[in-house]
Amino acid sequence: MARKITHILNNIDRFSYSFEVTPNVTEEELNNIKLEPAFYAITWHAKLYDFNNLDIQPLKLAETLASKNKNVLLNLSCHKLRKEYLYRVLDFLKSKGICNLFIIQGEGYDEDLSDFKSTSDLVETIRDHSGIFFSIGVAGHCEKLATIESLKEKISRGADFIMTQAFFDPNVFKSFIANCKEAGITTPIIPGVFPFDNQDEVEKFISLCKIHIDAKIMDDIKNQPSEEVVKNLVNLIYNETDVKHFHFFTMNKFEKTSKVINGLLPLYRDTKF
1 MARKITHILN
11 NIDRFSYSFE
21 VTPNVTEEEL
31 NNIKLEPAFY
41 AITWHAKLYD
51 FNNLDIQPLK
61 LAETLASKNK
71 NVLLNLSCHK
81 LRKEYLYRVL
91 DFLKSKGICN
101 LFIIQGEGYD
111 EDLSDFKSTS
121 DLVETIRDHS
131 GIFFSIGVAG
141 HCEKLATIES
151 LKEKISRGAD
161 FIMTQAFFDP
171 NVFKSFIANC
181 KEAGITTPII
191 PGVFPFDNQD
201 EVEKFISLCK
211 IHIDAKIMDD
221 IKNQPSEEVV
231 KNLVNLIYNE
241 TDVKHFHFFT
251 MNKFEKTSKV
261 INGLLPLYRD
271 TKF
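And the structure:
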């Protein structure tokens, strides 16, 4: 049975995790995952579709995962989205028992191609159409303090959890939590974790997302196995904050991500394998 992510986050007292998957994942790859993530987030990629019908890969994957009794979080972007199509998607998801959405503006957003001028606008429209059926998440950028007020608006218009962009410095995430708390934001915050392969991949991520990594952390990335760097990041946040749930941006690298998680599970008592 599908569970709202807000319910999951408000009722965990131990280490918990989720996976992001892209729509080109194969059924064989999914079947080979031995772990049990709390939910699977499916990326949207609006620029790939014309949105003439519901026969698109993100919705197909959402239906497949739901049929396997997996909890699904569907990403949905403002880019190229019209209200009529949105309502069709929402009704489709409800018919499949999928009750979680993650709302973003979308890469290459063009307001002339969308009925939604902002993610806040899209969040509010979903609430107006579907009431409290969906648990709605929005993106948090740990290093951009200007986004705190934007997050408050999104929450006031119906969002009920935050998931952050990936980061590599635990202090950046801890500062983000503190800034949200100071601003009166009390909704659950999920840290995003990137199980990278190598230093080159990290440097590309830094360039793309405009984040900062201090010299000590970059030295660790250069000199330690990538799985150890990610494991240490998660473990530090787990032990120094109240956060229990972590979202892994897997890029469909399930073997690497599973290796990180299997290295973490023994560290936490009473965690279910």
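In the UniProt record's numbering, the protein residues as written are 1 to 273.
Don't be surprised by glycine CBs; every beta carbon is placed ideally from N, CA and C.
| said: Please report the distance separating the alpha-carbon of H212 from that of L233. | reply: In a straight line, the C-alpha of H212 is about 15 Å away from that of L233.
| Should L145 go down as buried or exposed, given a rule of 16 or more other Cβ atoms within 10 Å for buried? | exposed
| said: Spatial neighbours of F134 within its chain, please: C-beta separation below 7 Å, excluding the five flanking residues on both sides. | reply: The answer, listed in chain order, is C99, N100, L101, I126.
| Near G184, what residues of its chain come up, given a Cβ to Cβ distance below 6 Å and the 5 sequence neighbours on each side ignored? | Here the set comprises nothing.
| query | Skipping 5 residues on each side, what residues in its chain have a beta carbon closer than 7 Å to that of A139? | reply | I104, M163, Q165
| query | Of the residues L54, P23, F19, G158, which one's Cα is nearest the Cα of L81? | reply | L54
| Cutoff 6 Å; reference F196; Cβ partners in own chain excluding five residues on either side | V202, S226
| task | Report the rounded CA-to-CA distance for L65 versus H247, giving the unit in angstroms. | result | Distance from the CA atom of L65 to the CA atom of H247, rounded to whole angstroms, is 17 Å.
| request: Name the two residues that bound the continuous beta strand (DSSP E) containing A41. | output: Segment 40-42, the beta strand (DSSP E) holding A41.
| Unbroken stretches of the beta strand (DSSP E), 3 residues or longer, contained in the segment 114-199 | 135-140, 161-166, 189-193
| query | Can the beta-carbon of F15 be found less than 9 Å from the beta-carbon of T257? | reply | no
| Leaving out the 5 sequence neighbours to the left and right, which residues in its chain are closer than 6 Å to I56 when beta-carbon positions are compared? | Y49
| message | I'd like the span of the alpha helix (DSSP H) that includes Y87, first residue to last. | response | Looking at the DSSP string, the run of the alpha helix (DSSP H) that includes Y87 is 83-95.
| query | At what residues does the alpha helix (DSSP H) containing V229 begin and finish? | reply | 226-240
| query | Sorted by chain position, which residues of the same chain lie with C-beta nearer than 8 Å to E182's C-beta, five sequence neighbours on each side aside? | reply | Contacts found: none.
| request: Could you name the residues of the same chain whose beta carbon sits closer than 8 Å to that of H7, not counting the 5 residues immediately before and after it, in chain order? | output: S135
| request: In the DSSP assignment, find the unbroken alpha helix (DSSP H) run with H7 in it and report its ends. | output: 5-10
| Neighbour-count burial assignment, A46, 16 or more Cβ in a 10 Å radius | Buried is the call here.
| field | Beta-carbon contacts of S120 that lie in its chain and below 6 Å, excluding the five residues immediately before and after | value | E153, K154, R157
| request: Please determine, among L208, A38, N179, P170, the residue with the shortest C-alpha to C-alpha distance to P191. | output: P170
| task | Alpha carbon to alpha carbon, how far is F254 from V25? Give it in angstroms, no decimals. | result | 10 Å
| Nearest to T241 by alpha carbon, out of I177, N252, S130? | Looking from the CA of T241, the closest CA among I177, N252, S130 belongs to I177.
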